[in-house]
Amino acid sequence: MSEGAGDEWFSVIGGLAHLSENGEWKIFHTGNSELPNNDITALASDANGVWIGTVDGLAYLNNDNGEWKVFKTDNSNLPGNWIETVVSDGDGGVWIGTSARFLVMGTPMSFSDFLNSPENYSLAYSLTHLSKEGKWTIFNTTNSDLPSEMIRYLARDHDGIWICTWGGLAHLDDKGNWTIFQKNGDSFSTDESANYIEVIIDDGQDGLWIGTWGHGLAHLNNNSSQIHFIDQNNFEWPVNLENPDFTANTINSLLRDGQGDLWVGTENGLIYFNDNQKLLFNTENSSLPDNSIYALLDDGNNGLWIGTWGGLAHLSDDKKKWNIFNTENSKLPDDFVNAIVSDENGGIWIGTWGGLAHMDNHHEWTIYNSDNSKLPNDHIRCLANDGEGGIWIGGDYVDEDYHHGGGLTHLDVYGEWKTFNTDNSPLPSNIINSLVMDNERRLWVGTDNGIVYLDHSSEWIILSHTNLDIPEWMDYTFVTSLTIDNDGKGLWIGASPFGR
Numbered sequence: 202m203s204e205g206a207g208d209e210w211f212s213v214i215g216g217l218a219h220l221s222e223n224g225e226w227k228i229f230h231t232g233n234s235e236l237p238n239n240d241i242t243a244l245a246s247d248a249n250g251v252w253i254g255t256v257d258g259l260a261y262l263n264n265d266n267g268e269w270k271v272f273k274t275d276n277s278n279l280p281g282n283w284i285e286t287v288v289s290d291g292d293g294g295v296w297i298g299t300s301a302r303f304l305v306m307g308t309p310m311s312f313s314d315f316l317n318s319p320e321n322y323s324l325a326y327s328l329t330h331l332s333k334e335g336k337w338t339i340f341n342t343t344n345s346d347l348p349s350e351m352i353r354y355l356a357r358d359h360d361g362i363w364i365c366t367w368g369g370l371a372h373l374d375d376k377g378n379w380t381i382f383q384k385n386g387d388s389f390s391t392d393e394s395a396n397y398i399e400v401i402i403d404d405g406q407d408g409l410w411i412g413t414w415g416h417g418l419a420h421l422n423n424n425s426s427q428i429h430f431i432d433q434n435n436f437e438w439p440v441n442l443e444n445p446d447f448t449a450n451t452i453n454s455l456l457r458d459g460q461g462d463l464w465v466g467t468e469n470g471l472i473y474f475n476d477n478q479k480l481l482f483n484t485e486n487s488s489l490p491d492n493s494i495y496a497l498l499d500d501g502n503n504g505l506w507i508g509t510w511g512g513l514a515h516l517s518d519d520k521k522k523w524n525i526f527n528t529e530n531s532k533l534p535d536d537f538v539n540a541i542v543s544d545e546n547g548g549i550w551i552g553t554w555g556g557l558a559h560m561d562n563h564h565e566w567t568i569y570n571s572d573n574s575k576l577p578n579d580h581i582r583c584l585a586n587d588g589e590g591g592i593w594i595g596g597d598y599v600d601e602d603y604h605h606g607g608g609l610t611h612l613d614v615y616g617e618w619k620t621f622n623t624d625n626s627p628l629p630s631n632i633i634n635s636l637v638m639d640n641e642r643r644l645w646v647g648t649d650n651g652i653v654y655l656d657h658s659s660e661w662i663i664l665s666h667t668n669l670d671i672p673e674w675m676d677y678t679f680v681t682s683l684t685i686d687n688d689g690k691g692l693w694i695g696a697s698p699f700g701r
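Counting from 1, position 289 in the sequence shown corresponds to residue 490 in my numbering; the numbering is continuous, with no gaps.
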């Protein structure tokens, strides 16, 4: 979440952190602020501050004067203290999705056991709106057309709000009109579990792509209010989960290419969508080397690079010509391709479980592994372009017990190697889960034992209780989300105290 050019905000469960544009950190937790709980579930910024959803209430921090407002069931009309999702209404107010967690004396339990237990938390599912004037409006299945009170996700569009629930998808426009898409016959599915909606994204044309829990991807055409699904024969019809032709229930990667078209990498093949074509590629109807797809990269010329469990593939701009690279027909060091990033000259870097590969724009290969270079570990989990012709490499675990990770390695444009690990740097773990370059070309490193930041001068900044006003357990946390403020001046960090 960005406040503007220069600063960044991070969001993490376990507290709230702000990094200003001049590099100053400020940490908020229950011990030094009015934050109602250190477990943060959601963040949303508006023009004046940030809304913070926690497991024990909603808070608002005004960026101008530093004042806090905290809303709970005992001091407001908030129907439940566990905040599932928040989104600004664009007019100084906020939409809130609340839910309950099934716990009895701290023990997880099933829903049926929860309902039969004499000691339980009250059910508090609902959609709530708090206006800038302080007016509360609560929507539930009794007083509105909300299809379910279990709300998973909220998203605004130009004239209202989309609500993803476990009873279907709903749209509430700014005039108070509801449109419901759920399991009723042709409009969605006869399988009730298909209404468990997890995520939605805009298709760029006033429609939505809808991701369901365990039931793949659907598309909502806003003009006809019909939801459609794609099968391997390239037909389109209302969702029918009994159709055996397409079972892409697990989505690993998503890409919107330079033309605005959507690519979906699943455990059951690759899906392509645009206005005129809807294609499914798998090992049976194409040269795709494996149906498990883990990385997608636009090649800059309307083609696509695809990283799979069975090698690297390139699909031409006409979607007809395939080039397959694997350990048998090329210098690719391993067929498990975990990461692909582009360089500045039309080539690509490829992270595999057999080392690092670079293929230039003439298809000339250079291979780096632990035998022929200073790469410390051949298991590569993630990559990040350094913006200067070099590459950052995040090492994955070596054995099945998640031990002996390779740390963080940099290969610069001149061929010089430098590896950071727990022995020679403040890196808190040698297993690197994610690498992110921010807009100032600074590197953020997510590990299984905390987060660190490396600036241009190779100075490390570590989230630690020894140099920041944070609890000691945050030294071992993992980042759950990043959110940049609306004006780009800060970054909120949310972390978990529980580790991997």
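Every residue, glycine too, gets a C-beta built ideally from N, C-alpha and C.
Please read all numbers here as calculations on a predicted model, not as lab measurements.
Beta carbon of residue i nearer than 7 Å to that of residue j
{"i": "GLY512", "j": "PRO534", "result": "no"}
{"i": "ILE551", "j": "VAL538", "result": "yes"}
{"i": "TRP252", "j": "VAL295", "result": "yes"}
{"i": "ILE297", "j": "THR242", "result": "no"}
{"i": "ASN469", "j": "ASN503", "result": "no"}
{"i": "THR366", "j": "HIS372", "result": "no"}
{"i": "ASP499", "j": "GLY459", "result": "yes"}
{"i": "SER349", "j": "GLY368", "result": "yes"}
{"i": "ASN239", "j": "ASN249", "result": "no"}
Those residues which DSSP pairs with residue i across a bridge
{"i": "ARG187", "result": "The requested residue 187 is not part of the displayed model; the chain covers only 202 to 701."}
{"i": "ILE632", "result": "Answer is none; ILE632 lacks a bridge partner."}
{"i": "HIS372", "result": "TRP363, THR380"}
{"i": "PHE229", "result": "LEU217"}
{"i": "VAL538", "result": "THR553"}
{"i": "TYR569", "result": "LEU557"}
{"i": "SER289", "result": "VAL295"}
{"i": "THR329", "result": "ILE297, ILE339"}
{"i": "LEU533", "result": "DSSP, once it has assigned bridges, lists no residue as partnering LEU533."}
Sequence-distant residues of its chain with Cβ nearer than 8 Å to residue i (five each side left out)
{"i": "GLY548", "result": "HIS559, MET560, ASP561, ASN562"}
{"i": "SER332", "result": "ASP290, ASP292, GLY293, GLY294, THR338"}
{"i": "ASN527", "result": "PRO490, GLY511, GLY512, LEU513, LEU533, ASP536"}
Neighbourhood of residue i by C-beta distance below 6 Å, restricted to the same chain and skipping five residues each side
{"i": "ALA585", "result": "TRP593, LEU636, MET638"}
{"i": "ASN475", "result": "ASP462"}
{"i": "HIS611", "result": "TRP593, LYS619"}
{"i": "ARG642", "result": "GLY588"}
{"i": "TRP566", "result": "LYS532, MET560"}
{"i": "GLY196", "result": "Nothing about residue 196 can be reported from this structure: the residues present for the chain run from 202 to 701 only."}
{"i": "THR709", "result": "Residue 709 is absent from the model: the chain starts at 202 and stops at 701."}
{"i": "LEU505", "result": "LEU516"}
{"i": "TRP645", "result": "VAL637, TYR654"}
{"i": "THR231", "result": "ASN239"}
Spatial neighbours of residue i in its chain, beta-carbon cut-off 7 Å, leaving aside the 5 residues before and after
{"i": "GLU545", "result": "GLY590"}
{"i": "SER234", "result": "TRP269"}
{"i": "VAL271", "result": "GLU235, PRO237, GLY258, ALA260"}
Where the beta strand (DSSP E) through residue i begins and ends
{"i": "LEU513", "result": "512-516"}
{"i": "THR584", "result": "The amino acid at residue 584 is misidentified as Thr; the sequence shows Leu. From DSSP, the beta strand (DSSP E) with LEU584 extends over 581-586."}
{"i": "ASN578", "result": "Looking at the DSSP string, ASN578 is not in any beta strand (DSSP E), and its letter there is neither H nor E."}
{"i": "GLY552", "result": "549-553"}
{"i": "HIS611", "result": "609-612"}
{"i": "ASN263", "result": "258-263"}
{"i": "GLY753", "result": "Summary: the structure shown does not reach residue 753, with the chain confined to residues 202 through 701, and so no result is reported for it."}
{"i": "HIS619", "result": "First, the residue type needs correcting, since residue 619 is Lys and not His in the sequence shown. 618-621 is the extent of the beta strand (DSSP E) around LYS619."}
{"i": "ASP499", "result": "494-499"}
{"i": "LEU471", "result": "470-474"}
{"i": "ASN524", "result": "523-526"}
{"i": "SER277", "result": "First-last for SER277: undefined, no H or E at that position."}
{"i": "LEU481", "result": "479-482"}
{"i": "LEU644", "result": "644-648"}
{"i": "SER246", "result": "241-246"}
Status (buried if at least 16 other CB within 10 Å, exposed otherwise) for residue i
{"i": "THR286", "result": "buried"}
{"i": "TYR495", "result": "buried"}
{"i": "ASN486", "result": "exposed"}
{"i": "THR343", "result": "exposed"}
{"i": "HIS359", "result": "exposed"}
{"i": "GLY634", "result": "The sequence given here places Asn at residue 634; Gly does not occur at that position. The residue is buried, with at least 16 neighbouring Cβ atoms inside 10 Å."}
{"i": "ASP613", "result": "exposed"}
{"i": "SER488", "result": "exposed"}
{"i": "GLY647", "result": "buried"}
{"i": "ASN530", "result": "exposed"}
{"i": "TYR473", "result": "buried"}
{"i": "TYR654", "result": "buried"}
{"i": "ASP656", "result": "exposed"}
{"i": "ALA245", "result": "buried"}
{"i": "ASN266", "result": "exposed"}
{"i": "MET306", "result": "Legend: pLDDT at MET306 = 30, less than 50; position of this residue unreliable, no value from coordinates given."}
{"i": "HIS616", "result": "Checking the sequence shown, residue 616 turns out to be Gly, not His. When all chains shown are included, GLY616 counts as exposed."}
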